[in-house]
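Heads up, the thing below is written out as structure tokens.
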Amino acid sequence: MARVAVFNMEIVGTVNPVLPVVAELVKQGCDVRYYLSKDTFAKDVADLGANVYKFDDFFPRWAELLESKEEAAWLSAHYPEGVPEPSASGVPMRMLYYSLPAGVCLGRRLLETWSSWRPDIVLYNCMLLHPYLAARKLGIPTCSFSTYPGPGTPMHLYALKPQEREAFDQSLAQSPGLRPANEIAKEFFGVDVFESQLLCRFFSPDRNLVFSIPELQGVVEKHQEKRLVSSSFRWVGSTDPELSGREPRVAAEPEAGDEPWLVPAGVKVIVVSLGSMTVDSRWEAPEHVSSTGFVTGRQFSQRLWSELIEFFGHRSDVRVILAVGPKEEAVEMLGELPPNVVARRYLDQVAALSHADVFVTHGGFNSIKEGILLAVPMVVVPFCVDQPTNGEAIERQKAGLCFPDLLATPRGELTAAVERSFCEEFRRRSGELGEALRAAGGAPAAAEACLSLLSERASAGGA
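Here the sequence shown is numbered in our numbering, starting from 1422 and rising by one per residue.
Here it is, written out as structure tokens:
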């Protein structure tokens, strides 16, 4: 029985694609230990037959973690005055910065826990460093996974121009606050992180799973490409290609019996969803980078919703369905809505998209996959991280249109694009991409790619 250790970000968008892979590993007889710092997803994991193991996470607890007595003492030889604050502000930049010092601390802790249960394979989200470091120290094969379309997605550097990203990564490698942590990684784990990796893009030299298809990948920049020469990537598409819900799909429950997408014949349905970051966790955070300045989730949402209501309100041939999230202010901000516009805190997005003519989306990759699996044309209005690259891919593949700078877009252009998206060409191309996702193998292919590392190592004499 193979022992598989699983490490992931504790966010709905990263958990959902991985649960079917965990289920497949359990089905194949593996002893799966899934590491979680909170109880949010514990039941969903346990219901699959995997074991939940409580373990700390660095996001967003980096300050608390590094200031603890245990970690401060261990780091003191390299950081006599503690880990300094980064010069850049904002959650994405802080996540990049702290991934290394927090990673070496958590990696050391992992080694202690593995003294009594040592995994045969480590399956980890490529944004996490500590599972990779601990596995390399012990010579355990690793398999990273990416819930966005793999290398070529700048993630935390999305706001920088492509020509600026290499210089930024180089500046991180020279940062006085990070060089000591890299020395620890070299001395304690035998890994030169800056030589072999880019921060929060910790791909494995053994194997990497991408829950996508190559058609949706962005351009891989040369300074990243040279670090991936020896890496193996498996594009496994969607892990729930039929959107069946047979595996747990972690999400808030909509109201029972509420189906505003059921409309008379001839009425077009526009489903609008901006993702939990935009309408919840980043509601008051200036996370979106526009040419007009930094923009909060509230400002972004208000700009989009107001235009859609202004241009489509009171039309008898269109139904607009807004997913507005949990903030009371969002509902108040909308005021009295026209009769053909409905707002819901939560939607059963799959059910809604099954009846949609156009999907206006932030471009989170789970939403993108649901859209193309259901052959829905998309208008993408990216907010942050991987979303701009995902939107560019949808436009490049002619499955929809993308507006990377919504706040700088003249009013009326977005709604004109929605009108243009009521077309068979976009729907046909979206469906073709969906078929490619289905054909890529899904959860069984992901589990096989992961477990084959053991047989390959045995054949090479490394077992």
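We put the CB at the ideal spot given by N, CA and C, even for glycine.
Quiz prompt | Cβ-Cβ distance between glycine 1785 and glycine 1714 below 8 Å | solution = no
Quiz item: Any idea if methionine 1799 is buried or exposed, counting beta-carbon neighbours within 10 angstroms, 16 or more meaning buried?
Solution: buried
Practice problem: Could you pull the start and end residues of the alpha helix (DSSP H) that methionine 1754 belongs to? | Solution: Per DSSP, methionine 1754 belongs to the alpha helix (DSSP H) from 1749-1755.
Quiz prompt | Local Cβ density within 10 Å of proline 1809, reported as buried at 16 or more and exposed below that | solution = So proline 1809 ends up on the buried side.
Practice problem: Give the secondary structure of alanine 1879 by DSSP, where H, G and I count as helix, E and B as strand, and everything else as coil. | Solution: helix
Quiz item: If we ignore side chains and look at the alpha-carbon of each, how far apart do serine 1775 and glycine 1573 end up?
Solution: 30 Å
Quiz prompt | Alpha carbon of leucine 1496 to alpha carbon of leucine 1487, nearest angstrom | solution = Distance from the CA of leucine 1496 to the CA of leucine 1487, rounded to the nearest whole angstrom, comes to 9 Å.
Practice problem: Could you check the C-alpha separation between tyrosine 1579 and aspartate 1807 for me, to the nearest Å? | Solution: The straight-line gap from Cα to Cα measures roughly 7 Å.
Quiz prompt | Three-pair Cβ contact test at 8 Å for the stretch 1626-1639 versus the stretch 1514-1527 | solution = no
Practice problem: Tell me whether aspartate 1465 is buried or exposed, calling it buried when 16 or more other Cβ atoms sit within 10 Å of its Cβ. | Solution: Looking at its Cβ environment, which holds 16 or more other Cβ atoms inside 10 Å, aspartate 1465 is buried.
Quiz item: Buried or exposed: where does aspartate 1627 fall if 16 or more other Cβ atoms within 10 Å of its Cβ makes it buried?
Solution: buried
Practice problem: Verify whether the separation of the beta carbon atoms of leucine 1619 and glutamine 1645 is less than 8 Å. | Solution: yes
Quiz item: What does DSSP give as the partner residues of tyrosine 1474 in its beta bridges?
Solution: Tyr1456
Quiz item: Touching or not, the stretch 1552-1563 and the stretch 1582-1598, by the rule of three or more beta carbon pairs under 8 Å?
Solution: At 8 Å Cβ cutoff, the stretches do not touch.
Quiz item: Just how far apart, CA to CA, sit leucine 1477 and valine 1612?
Solution: The question names leucine, but residue 1477 in the sequence shown is aspartate. Their backbone Cα atoms lie some 22 Å apart in a straight line.
Quiz item: Counting Cβ pairs, one atom from each stretch, are 3 or more of them under 8 Å apart for the stretch 1434-1446 and the stretch 1557-1564?
Solution: no
Practice problem: Could you round the C-beta distance between phenylalanine 1732 and glycine 1833 to whole angstroms and report it? I think they count as a contact, below 8 Å. | Solution: 7 Å
Quiz prompt | Per-residue DSSP class, three states only, for arginine 1667 | solution = Low per-residue confidence applies at arginine 1667: pLDDT is 40, beneath 50, and the placement is therefore not dependable, though the value from the model is reported in the following sentence. Three-state result, arginine 1667: coil.
Self-check item: Rounded separation between leucine 1874 and leucine 1544 - CA only
Solution: Approximately 11 Å, taken between the alpha carbons.
Quiz prompt | Of the listed residues Pro1522, Tyr1474, Thr1435, Gln1723, nearest to asparagine 1546 (C-alpha basis) | solution = It is Thr1435 whose Cα lies nearest to the Cα of asparagine 1546.
Quiz item: According to the Cβ coordinates, are proline 1522 and alanine 1602 closer than 8 Å?
Solution: yes
Self-check item: Assigned exposure category for threonine 1367 - 16 Cβ within 10 Å defines buried
Solution: This structure cannot speak to residue 1367, because the chain is shown only from 1422 to 1884.
Quiz item: Going by beta carbon distance, what residues of the same chain come within less than 8 Å of proline 1760, once the five residues before and after it are set aside?
Solution: His1735
Quiz item: What whole-angstrom Cβ distance do proline 1707 and threonine 1699 have, given they're in contact under 8 Å?
Solution: Not really, about 12 Å apart at Cβ, beyond 8 Å.
Practice problem: Quick one: residues in its chain with C-beta nearer than 6 Å to the C-beta of arginine 1703, no 5 flanking neighbours on either side, listed in chain order? | Solution: Gly1718
Quiz item: For valine 1690, is the classification buried or exposed, using 16 other Cβ atoms within 10 angstroms of its Cβ as the cut-off for buried?
Solution: Buried, by the Cβ-count rule.
Quiz item: What span of residues does the beta strand (DSSP E) with alanine 1426 cover, start to end?
Solution: 1424-1428
Quiz item: Terminal residues of the continuous alpha helix (DSSP H) containing alanine 1556?
Solution: 1551-1559
Quiz item: Leaving out the 5 sequence neighbours to the left and right, which residues in its chain are closer than 8 Å to glutamate 1680 when beta-carbon positions are compared?
Solution: Closer than 8 Å at the Cβ level, and outside the excluded window around glutamate 1680, lie Ala1772.
Quiz prompt | Short Cβ contact (8 Å threshold) for alanine 1764 with valine 1745 | solution = Yes; because the gap between Cβ atoms is below 8 Å, this pair is in contact.
Quiz item: What are the boundary residues of the alpha helix (DSSP H) that includes serine 1788?
Solution: 1786-1794
Exercise. Out of Phe1566, Val1425, Glu1485, state which residue places its alpha-carbon closest to the alpha-carbon of tyrosine 1372.
Key: This structure cannot speak to residue 1372, because the chain is shown only from 1422 to 1884.
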